[in-house]
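*Asks:* In order, the protein sequences belong to chains A and B.
For the first sequence, our numbering gives the first residue as 178, with consecutive numbering after it.
For the second sequence, our numbering gives the first residue as 178, with consecutive numbering after it.
Protein chains: 2
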Amino acid sequence: MNQQDLIAQLREDNGTKIVMLVADGLGGLPIEPGGPTELEEARTPNLDRLAKEGTVGLSIPVAPGIAPGSGPGHLGLFGFDPIEHQIGRGVLEALGIGVEVGPKDVAIRGNFCTIDAEGRVTDRRAGRIPSEVGERLVAKLAEGVKIDGVETLVAPVREYRLVVRFRGEGLGDRVADTDPLQTGLHPLAPKATDPGSEKTARVAAEFLRQAKEILKDEQPANFLMMRGFAKFPAISTMEEVYGLRSAAIAVYPMYRGLARLVGMTVVEPGKTIADQFAVAREQWGKYDFFFIHYKYTDSTGEDGNFAKKVEVIEALDAELPKLMELKPDVLIVTGDHSTPSRMKSHSFHPVPLLIWAPATVRPDEVTSFGERPCIRGGLGQILAKHIMPLAMAHAGRLQKFGA
Amino acid sequence: MNQQDLIAQLREDNGTKIVMLVADGLGGLPIEPGGPTELEEARTPNLDRLAKEGTVGLSIPVAPGIAPGSGPGHLGLFGFDPIEHQIGRGVLEALGIGVEVGPKDVAIRGNFCTIDAEGRVTDRRAGRIPSEVGERLVAKLAEGVKIDGVETLVAPVREYRLVVRFRGEGLGDRVADTDPLQTGLHPLAPKATDPGSEKTARVAAEFLRQAKEILKDEQPANFLMMRGFAKFPAISTMEEVYGLRSAAIAVYPMYRGLARLVGMTVVEPGKTIADQFAVAREQWGKYDFFFIHYKYTDSTGEDGNFAKKVEVIEALDAELPKLMELKPDVLIVTGDHSTPSRMKSHSFHPVPLLIWAPATVRPDEVTSFGERPCIRGGLGQILAKHIMPLAMAHAGRLQKFGA
């Protein structure tokens with residue numbers, strides 16, 4: 178029996194509230210040997226108090242040594258095995274901009290590009306055209322493309338990026354990307370890598386043929402490329418597994434999309450973390466579980482800006498009392514992966530993890546929240562997918578297993 | 178290959194002795210924030226010495242977040258995956274009152290109820306009749322019911338609860354409960370949910386028909402309902418997996434039953450832990466493995482009596498030198514789950530674990546036995562099912578794997 182089935186069998190509703198605060202890319206590294214990490218450097222009196230009252234540890238997002246993208250990183254946090262449940266890029270991009278993806282759909286990431294008179298790619302991002310231009314071109318495609326027997330949808334993402342969705346019977350998603358990955362080459366023709374995806378490849382080829390005609394007089398975005406062909410994955414919802422009415426309060430489309438994938442309701446988040454906590458307060462009575470996503474710990478890490486990452490951690494900490502005023506029964510603070518500013522990228526390092534739950538927590542000897550103290554925490558080092566069962570247990574939402 | 182098969186392949190007999198001392202529900206919680214747990218509060222010079230000489234850690238009974246009943250808790254300690262090997266409720270109830278269950282048996286939980294003239298349930302627990310009444314009615318059923326080709330056994334549990342056991346050929350256990358779960362409805366007829374259980378359903382229906390006649394003039398317990406139909410689970414014995422001649426020294430029927438389930442010999446335990454250790458001394462030459470069960474750490478926790486739980490831990494500690502005089506090669510001290518007196522119930526919290534084995538232990542820096550020190554122990558946090566392989570290894574009873 179897998180974890181979801183076991184939890185679904187044991188869960189019960191007792192009206193408790195669980196908050197999962199995900200500081201994206203939270204984990205870090207010292208910028209110089211022997212120094213503190215970003216989280217250790219940051220002045221975080223509120224997180225430190227929660228660490229003292231609660232228990233800490235380290236979360237391994239997927240498996241030892243594996244640096245995850247946002248998709249697997251979050252699926253793990255939601256309690257699903259990220260290796261077993263893989264989500265295609267096209268689906269993630271579509272969900273992120275609010276495009277629904279259902280069982281008959283294939284979603285594809287598109288990007289406008291520039292081709293020369295011979296059809297060779299001269300700019301893979303079409304000069305990073307502004308979003309308004311991207312939106313106009315997407316509208317032109319949506320208006321112009323017609324393919325028999327398949328419903329097409331085209332939607333803008335940002336700048337040169339768009340989503341294409343095909344809806345119809347018999348559309349597999351095993352189609353290779355058309356991006357040649359360097360300039361001076363022709364875009365590749367869509368090619369199926371299994372027989373069940375031949376129709377999708379034909380539909381995509383026809384879409385690209387019509388698009389080339391429609392865009393031919395545009396500059397610099399006179400064509401597009403497709404990648405990340407993906408179908409909706411078979412995955413249970415938060416309600417099915419945990420019986421939790423779940424709300425996502427996330428500013429960025431990707432995380433809203435991931436939350437939708439597991440059946441969360443996406444509520445309007447405002448712009449800042451203070452807004453997000455205010456939204457949690459407004460919605461407090463309507464949901465059992467709140468996923469609150471904070472992006473800036475990741476983006477500052479990706480930028481390699483140690484000082485700025487420290488600053489956004491402190492900014493998050495400063496707002497925490499507003500969240501604590503809601504008196505959640507269980508608060509989880511962690512990240513979906515580490516993004517050390519020294520590496521300027523997602524990394525495989527385990528992520529600091531904090532569980533605060535006044536009714537049930539067994540405290541440890543740790544009194545501050547940071548990578549080193551977390552090594553000595555009571556939670557040990559656990560797979561991210563085990564966090565949700567622990568949250569459910571701390572919330573008193575799991576019956577005893579067996580007699 | 179599963180763990181049992183691997184161990185069975187590598188095991189060898191070298192005459193060493195392993196003792197597993199299970200303090201039921203050992204793990205606890207501080208009764209007030211920042212305070213000690215029951216085990217930390219208790220004065221335990223002997224356990225502390227063993228922790229110092231040995232190595233400690235924490236045992237996760239089933240999986241993170243899962244609070245187990247006694248059945249899965251002990252199966253884990255005996256080295257079996259408690260999710261893979263689930264023991265039906267009827268079998269556990271039977272074991273709990275000392276009713277043996279074998280391969281030809283189906284065990285069922287029964288409860289007396291009250292029905293009206295139309296046969297509708299008016300009280301699902303027959304007014305919680307006292308145990309003496311329950312015992313009298315069980316004797317009446319035991320005397321009166323006769324079913325061709327099947328041996329029936331009826332035994333009282335407590336108040337309105339009883340156990341029914343059918344012994345015969347071809348008795349499956351896929352039969353639905355007959356309790357309609359609310360008053361005003363007729364009890365359900367026993368219904369097989371697979372073809373192999375049709376005979377059991379027929380036998381149960383005949384049992385209920387005769388019982389209704391026998392009980393018709395009783396008040397308020399004039400009928401009974403059946404639930405938790407269960408067969409003896411397919412599970413290997415301690416001898417098959419580990420090659421260990423194993424003795425169980427347990428006072429309470431449930432733990433004797435669980436030990437029998439995995440093929441241990443149940444020896445008469447006396448009444449106190451001192452008696453149990455004396456029995457171990459008497460039986461020392463006859464067995465390789467001794468499972469010694471101490472109940473009171475659980476029952477005091479269930480009662481929410483922190484001070485009393487501290488006291489029974491101290492009482493256990495005080496007797497330990499008598500066990501150590503036997504010079505076991507390996508001593509395991511742990512619990513099947515936590516029972517924090519603050520929660521008055523089994524909980525999911527990991528359980529303090531101690532392995533003492535003078536010939537092979539790699540000591541850690543921990544010098545006392547308690548929840549917080551165990552976090553820093555050399556064993557880390559491990560699944561309970563991994564304890565037996567470690568015990569076998571420390572006993573020198575496992576050959577090298579591969580060349």
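In this text, a Cβ means the ideal position worked out from N, Cα and C, and glycines have one as well.
Please read these numbers as outputs of a predicted model, since none were measured by experiment.
In whole angstroms, give me the CA-to-CA distance for VAL418(B) and GLY248(B).
*Replies:* Going by the C-alpha atoms only, they are around 19 Å apart.
*Asks:* Give me the chain A residues within the contact set of GLU548(B), using Cβ-Cβ distance strictly less than 7 Å, ordered along the chain.
*Replies:* Under the 7 Å cutoff, chain A gives ARG539.
*Asks:* Using a Cβ-Cβ cut-off of 7 Å (strictly less than) and excluding sequence neighbours within five positions of ARG305(A), which residues of its own chain qualify?
*Replies:* Answer for ARG305(A): GLU336 and TYR337, listed in chain order.
*Asks:* Which residues, in order along the segment 391-411 of chain B, keep a beta-carbon less than 7 Å from a beta-carbon of chain A?
*Replies:* So the list is empty, because no residue satisfies the distance condition.
*Asks:* Going by beta carbon distance, what residues of the same chain come within less than 6 Å of SER374(B), once the five residues before and after it are set aside?
*Replies:* GLY349, ARG351 and VAL352, listed in sequence order.
*Asks:* According to DSSP, simplified to helix, strand and coil, what is MET647(B)?
*Replies:* Given a span of 178 to 580 for chain B in the structure shown, any question on residue 647(B) remains unanswerable.
*Asks:* In the DSSP assignment, the beta strand (DSSP E) including ASP300(B) goes from what residue to what residue?
*Replies:* First-last of the beta strand (DSSP E) with ASP300(B): 298-300.
*Asks:* Using DSSP with H/G/I as helix, E/B as strand and the rest coil, what is TYR471(A)?
*Replies:* The answer is strand: DSSP assigns TYR471(A) an E or B state.
*Asks:* Would you list, in sequence order, the uninterrupted beta strand (DSSP E) runs of no fewer than 3 residues that lie entirely inside the segment 502-562 of chain A?
*Replies:* Runs found: 507-511, 528-533 and 557-560.
*Asks:* Within 10 Å of its beta-carbon, does ASP225(B) have 16 or more other beta-carbons around it, so buried, or fewer, so exposed?
*Replies:* ASP225(B) comes out buried.
*Asks:* Between which two residues does the alpha helix (DSSP H) carrying MET569(A) extend?
*Replies:* Per DSSP, MET569(A) belongs to the alpha helix (DSSP H) from 564-571.
*Asks:* Taking Cβ positions, are PRO410(B) and LYS577(A) nearer each other than 8 Å?
*Replies:* No, Cβ-Cβ distance for PRO410(B) and LYS577(A) is not below 8 Å.
*Asks:* Take ASN482(A) and list the residues in its own chain whose beta-carbon comes closer than 7 Å to its own, dropping the five residues that flank it on each side.
*Replies:* These residues qualify, in order along the chain: SER518.
*Asks:* Could you tell me the alpha carbon to alpha carbon distance between PRO397(B) and GLU383(B), rounded to whole angstroms?
*Replies:* Whole-angstrom Cα-Cα distance: 22 Å.
*Asks:* Sort out for me which residues DSSP pairs ALA332(A) with in a bridge.
*Replies:* ALA332(A) is bridged to VAL340(A).
*Asks:* Would the C-beta of SER423(A) count as close to the ligand ATP, meaning under 7 Å from any of its heavy atoms?
*Replies:* Absent from the structure shown: the ligand ATP. Ligands present: none.
*Asks:* Report yes or no: is there a C-beta of chain B within less than 8 Å of the C-beta of LEU235(A)?
*Replies:* Taking Cβ atoms only, chain B never reaches closer than 8 Å to LEU235(A), which makes this a no.
*Asks:* Name, going along the chain, the residues of the segment 503-516 of chain A whose beta-carbon falls closer than 8 Å to a beta-carbon of chain B.
*Replies:* Cβ contacts with chain B come from no residue of the segment 503-516 of chain A.
*Asks:* Provide the residue(s) that pair with MET197(B) in DSSP beta bridges, ordered along the chain.
*Replies:* Bridge partners of MET197(B): PHE468(B) and ILE509(B).
*Asks:* Listing by chain order, which chain B residues have their CB less than 7 Å from the CB of GLU542(A)?
*Replies:* By Cβ distance, chain B contributes ARG549.
*Asks:* Please determine if the segment 561-574 of chain A and the segment 498-511 of chain A are in contact, where contact requires at least 3 C-beta pairs separated by less than 8 Å.
*Replies:* Touching, yes.
*Asks:* Below 7 Å CB to CB, which residues in the same chain sit around LYS583(A) once its five sequence neighbours on both sides are set aside?
*Replies:* With chain A running from 178 to 580 in the structure shown, residue 583(A) is simply not present.
*Asks:* Given PRO609(B), which residues of its chain have a CB within under 6 Å of its CB, disregarding the five upstream and five downstream residues?
*Replies:* Coverage of chain B is limited to positions 178 through 580, which leaves residue 609(B) absent and any answer about it impossible.
*Asks:* Return no unless some Cβ of chain A is closer than 8 Å to the Cβ of HIS262(B).
*Replies:* Taking Cβ atoms only, chain A never reaches closer than 8 Å to HIS262(B), which makes this a no.
*Asks:* Taking only the alpha-carbon atoms, compute the straight-line gap between LYS389(B) and LEU401(B) and give it to the nearest angstrom.
*Replies:* If I take the Cα positions, the gap works out to 8 Å.
*Asks:* Provide the residue span of the beta strand (DSSP E) that contains ILE426(A), from first to last.
*Replies:* From DSSP, the beta strand (DSSP E) with ILE426(A) extends over 423-427.
*Asks:* Report the option in PRO550(A), ASP300(A), THR370(A) and THR474(A) whose CA atom is closest to the CA atom of GLY231(A).
*Replies:* Answer by Cα proximity: PRO550(A).
*Asks:* Return the first residue and the last residue of the beta strand (DSSP E) that ARG220(B) is part of.
*Replies:* Looking at the DSSP string, ARG220(B) is not in any beta strand (DSSP E), and its letter there is neither H nor E.
*Asks:* For a cutoff of 8 Å on Cβ pairs, would you count GLY248(B) as touching chain A?
*Replies:* Chain A contact via Cβ: present.
*Asks:* Run the CB neighbour count on GLY275(A), radius 10 Å, all protein chains shown included, and call it buried at 16 or more, exposed below.
*Replies:* GLY275(A) is exposed by the Cβ-count criterion.
*Asks:* What does the alpha-carbon distance come out to for the pair GLN453(A) and ILE469(A)?
*Replies:* Approximately 7 Å between the Cα atoms of the pair.
*Asks:* Check each candidate in MET520(A), ASP201(A), ASP190(A) and GLY205(A) and name the one with the smallest Cα separation from GLY547(A).
*Replies:* It is GLY205(A).
*Asks:* Of all the residues that make up the segment 555-571 of chain A, which are near chain B by a beta-carbon distance shorter than 7 Å?
*Replies:* Those would be GLY555, GLY557, ILE559, HIS563, PRO566, LEU567, MET569 and ALA570, in chain order.
*Asks:* Using a Cβ cut-off of 9 Å, which residues of the segment 189-201 of chain B contact any Cβ in chain A, in chain order?
*Replies:* Residues passing the 9 Å Cβ filter: none.
*Asks:* Per DSSP, which one or two residues make a beta bridge with PRO245(B)?
*Replies:* Answer by DSSP bridge pairing, in chain order: PHE578(A).
*Asks:* Would ILE564(B) pass as a contact of LEU531(B) if the rule is Cβ separation under 8 Å?
*Replies:* No, they are not a contact pair.
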